[in-house]
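In this note's numbering, the protein residues as written are 3 to 291.
Glycine residues also receive a C-beta, built at the ideal position from the N, C-alpha and C atoms.
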Amino acid sequence: MYSAIASNKRNTVFIMLFFVVLVAGLGWVASLYYGTGIFWGALIGAAIYTLIQYFAAARLALAVNGAHEITKADNPRLYRIVENLSITDGLPMPKVYVIDDPSPNAFATGRDPGNAYVAATTGILDLMSDRELTAVMAHEMGHVKNYDIRVMMIVFGMVSAIGFIADILLRLSFFSGSDNRDRSPLFLILGIAAAIISPIVAMLVQAAISRQREYLADATGAMTTRDAEGLATALEKIGQVGSTMQRQNSSTAHLFFANPLKGGLANAFSTHPPIEERVARLRSIGKSM
């Protein structure tokens, strides 16, 4: 567990550096045609954006998914479950949010256990028994405990920005702002290739980082509650009814308990391991308890 936490702290730095280098690379491609000013602007902008995201990305993730904060009086059941898990894990009480969505899902975000947020959909509150809801929220608190939230928050900021920058670069490849330069087919091809490949690279990083963390959070949650079966049955219920959210946002998909996106590319670049595999691993853990 301690090695996983240390690894997450290191990975946070690596991902932030990777993002700055990738954006600077996109700026370099653009500078081949538009001048070196774009490269330096991209490099400085990426560094500033990374710093801002470190402090602001968690609240942005909550906002884009329509989450609203609750108190104990608003939903005593959910609040007390999170409160009890915080005491069990020896963690500060995170802020609790609810998302008005019939799909059963949940997520955690933040930069560290002292600045953490957990959210649950109205769908998962309606579907799950107390035992199952406790297991799901223990999984989310596992992300907090393991510092997964910090890594996944930075990935969210990276994916959001790269998608935006790649779109700008693609448009610049087609529409030149200069009337006194001849358009070079080579630069056009480089611009298009960078704009297409960069979001795919970002999604692959997003998926690779998230999948192993889901297994780890499953195991952490099961160890916290001593109830691997409760989490297994919760996953089976979600597998039966589906976890697709009404509000689709690919940049935050890796934060959720189950894949919130529809099929197609969502499956090709899924940020979550198959539910069947998660259930099998949990039942194996349960036998060893």
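Beta-bridge partners of residue i, as assigned by DSSP
i       : result
Asp-114 : Asn-117
Lys-97  : Tyr-119
Phe-109 : Ala-121 and Phe-258
Cutoff 7 Å; reference residue i; Cβ partners in own chain excluding five residues on either side
i       : result
Val-66  : Asn-251 and Thr-254
Thr-227 : Thr-136, Ala-137 and Ala-140
Gly-241 : Ile-277
Ala-48  : Phe-21, Val-22, Val-25 and Ala-26
Glu-238 : Val-281
Ile-230 : Contrary to the premise, residue 230 reads as Ala rather than Ile in this sequence. So the list reads Ala-224, Leu-284, Arg-285, Ile-287, Gly-288 and Met-291, once near-sequence residues are dropped.
Unbroken alpha helix (DSSP H) run spanning residue i, endpoints
i       : result
His-141 : 132-147
Ser-290 : 277-290
Leu-87  : 78-91
Gln-250 : It is not in any alpha helix (DSSP H) - Gln-250 carries neither H nor E in the DSSP assignment.
Arg-228 : That residue, Arg-228, is in no alpha helix (DSSP H); it is neither H nor E in DSSP.
Ala-59  : 38-66
Same chain, Cβ closer than 6 Å to residue i, five either side skipped, listed in chain order
i       : result
Ile-72  : Val-98 and Val-100
Phe-109 : Ala-121, Leu-257 and Phe-258
Lys-264 : Thr-246
Arg-213 : Pro-275
Ala-234 : Val-281, Leu-284 and Arg-285
Gly-232 : Arg-133, Glu-134 and Ala-137
Ile-54  : none
Ala-59  : Met-155, Phe-158 and Gly-159
Residue i classed as buried or exposed, judged by whether at least 16 other C-beta atoms fall within 10 angstroms
i       : result
Asp-181 : Only weak support exists for where Asp-181 lies, its pLDDT of 47 falling under 50; the coordinates are left without a value.
Ser-286 : exposed
Val-157 : buried
Phe-21  : buried
Val-243 : exposed
His-70  : exposed
Thr-52  : buried
Ala-260 : buried
Arg-113 : buried
Phe-57  : exposed
Ala-75  : exposed
Val-23  : exposed
Ile-151 : buried
Met-160 : buried
Gln-248 : exposed
Gly-43  : exposed
Pro-106 : buried
Ile-40  : buried
Thr-90  : exposed
Leu-19  : exposed
Limits of the unbroken beta strand (DSSP E) element including residue i
i      : result
Ala-69 : 69-71
Other residues of its chain near residue i: CB distance less than 8 Å, five sequence neighbours each side excluded
i       : result
Thr-124 : Val-100, Ile-101, Asp-102, Asp-103 and Pro-104
Ile-83  : Asp-132, Leu-135, Thr-136 and Met-139
Ser-88  : Pro-94, Met-95, Pro-96 and Met-143
Ala-236 : Met-130, Glu-134, Leu-135, Ala-137 and Val-138
Leu-45  : Val-22, Val-25, Ala-26 and Gly-29
Leu-80  : Ile-72, Val-98, Val-100, Ala-122, Leu-127, Leu-135 and Met-139
Gly-68  : Ile-101, Asp-102, Asp-103 and Arg-249
Contact test: residue i Cβ vs the ligand SAM heavy atom, cutoff 7 Å
i      : result
Thr-90 : With respect to the ligand SAM, the structure shown offers nothing to examine, as it has no ligands at all.
Practice item. Kindly confirm or deny that the region 140-149 and the region 211-220 touch, where touching means at least three C-beta pairs closer than 8 Å. Key: yes
Practice prompt. Give a yes or no on contact between the region 222-229 and the region 132-139, applying the rule of three or more CB pairs nearer than 8 Å.
Written response: yes
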